[in-house]
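Asks: This structure is in structure tokens; I'll ask about it shortly.
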Ligand code: AMP
Ligand code: MG
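In the numbering used here, the protein residues as written are 8 to 344.
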């Protein structure tokens, strides 16, 4: 398949023409990758069964793993859910456009393929001028998972999307680095107690304050999994963000972690391994969020065989969210030191 590439950095007249062309592709049932503030998305008309099926095909994504529907205007929510209420409106006013996805009961306009057969739908308004302009011009809600091949680290730079998706989809809009670098916080509003199913840079405290009620974190998040694990969010059960290299996370006192990583590195290098190290400063977890996926992809490019990573402090909400991705990347291999 021929893939058009549109590079769009600012919304000048030339670039708006490019966005218009991409919007027409979406409207006609095609697949277009686009930037958001979290990671790049792989978009198609969320209400068009055939268009959405192309997303699953391009990513190699299991069909029971639902997609997030991206909107540019709160009014689009009315047709996606039968359960629109004050809480949604409050959250939207505070956090949209932004890295918050809400799960609400779906309306019958939303095809089953978009929600992986669930009776709820995930909705978000991304905080990126290109994404908002594209959705607005397409005139339809846009279903978009991360624009990577299923199982690989999410794309946070235009070149990541080109690596994974060139030749597989109709068009890619590149627009530099994604500001946040990890995916949105997913908040399930479909049950009595609002529950975070995927941590992100928006914290439970911030959400709770706006909603005026308690928000809990799904206890399954960041737990080491066994074979009986039953996830609330289908995405929780699949391999995610896996680099080609084997990855081990070391957890414990900082000094000890560093000493152990150096010891293992030396030993493995003697055995002929190419070793990559991942250590983030406790004071800069936002930076860790921004860097993580790009760093994992960089290790792949350098043919690293083994990644040795220091655990982040999970008492910090952003540390917890980044650790969530690191644990998945490492297949939950954690060594306590
Ligand atoms: P991605 O688009 O790659 O960021 O993945 C979207 C995530 O949202 C996946 O982990 C999905 O399982 C989750 N998700 C989407 N829709 C729903 C839903 N209706 N209920 C629970 N989780 C959902
Ligand atoms: Mg993804």
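Cβ coordinates follow ideal geometry from the N, Cα and C atoms, glycine included. Keep in mind that this is a model prediction, so the values were computed, not measured.
1) In chain order, what residues of the same chain lie with their CB nearer than 6 Å to the CB of residue 186, ignoring the 5 residues before and after it?
2) Using only the heavy atoms of ligand 1, determine whether one of them is closer than 7 Å to the beta carbon of residue 110.
3) Assign residue 330 to one of two classes, buried (16 or more other C-beta atoms within 10 Å of its C-beta) or exposed (fewer than that).
4) Please tell me whether residue 81 and residue 53 are closer than 8 Å, where the distance is taken between their beta carbons.
5) Sort 212, 251, 216, 204 by Cα distance to residue 229 and report the nearest one.
6) For residue 222, name the three-state secondary structure that DSSP assigns.
7) Quick check on DSSP: helix, strand or coil for residue 194?
8) Quick one: measure Cβ to Cβ for residue 258 and residue 343, integer angstroms, because I've assumed they're closer than 8 Å.
9) For residue 78 and residue 112, what's the separation of their Cα atoms in angstroms?
10) Express the C-alpha separation of residue 216 and residue 223 in angstroms, rounding to a whole number.
11) Closer than 7 Å: is that where the CB of residue 2 sits relative to any heavy atom of ligand 1?
12) So if I measure from each beta-carbon to every heavy atom of ligand 2 and keep distances below 6 Å, which residues remain?
13) DSSP beta-bridge partners for residue 11?
14) Let's test the definition: count the other Cβ atoms within 10 Å of the Cβ of residue 402 and tell me whether it reaches 16, buried, or not, exposed.
15) Which stretch, first to last residue, makes up the beta strand (DSSP E) that contains residue 316?
16) Helix, strand or coil for residue 189, going by three-state DSSP, please let me know.
17) Contact between the stretch 129-145 and the stretch 30-49: three or more CB pairs below 8 Å?
18) In terms of residue numbering, what span does the alpha helix (DSSP H) encompassing residue 94 cover?
19) Can you tell me whether residue 200 is buried or exposed? The criterion is at least 16 other CB atoms within 10 Å of its CB, across all chains shown.
Replies: Let's see:
1) 44
2) yes
3) Buried is the call here.
4) no
5) 204
6) coil
7) Looking at residue 194 - three-state DSSP - the assignment turns out to be strand.
8) 5 Å
9) Rounded to the nearest angstrom, the gap between the Cα atoms of residue 78 and residue 112 is 16 Å.
10) 13 Å
11) Any property of residue 2 remains undetermined from this structure, which presents the chain solely from 8 to 344.
12) 152, 153, 161
13) 178
14) Residue 402 lies beyond the residue range present for the chain, which begins at 8 and ends at 344; the question has no answer from this structure.
15) Segment 313-317, the beta strand (DSSP E) holding residue 316.
16) coil
17) yes
18) 93-102
19) Exposed, by the Cβ-count rule.
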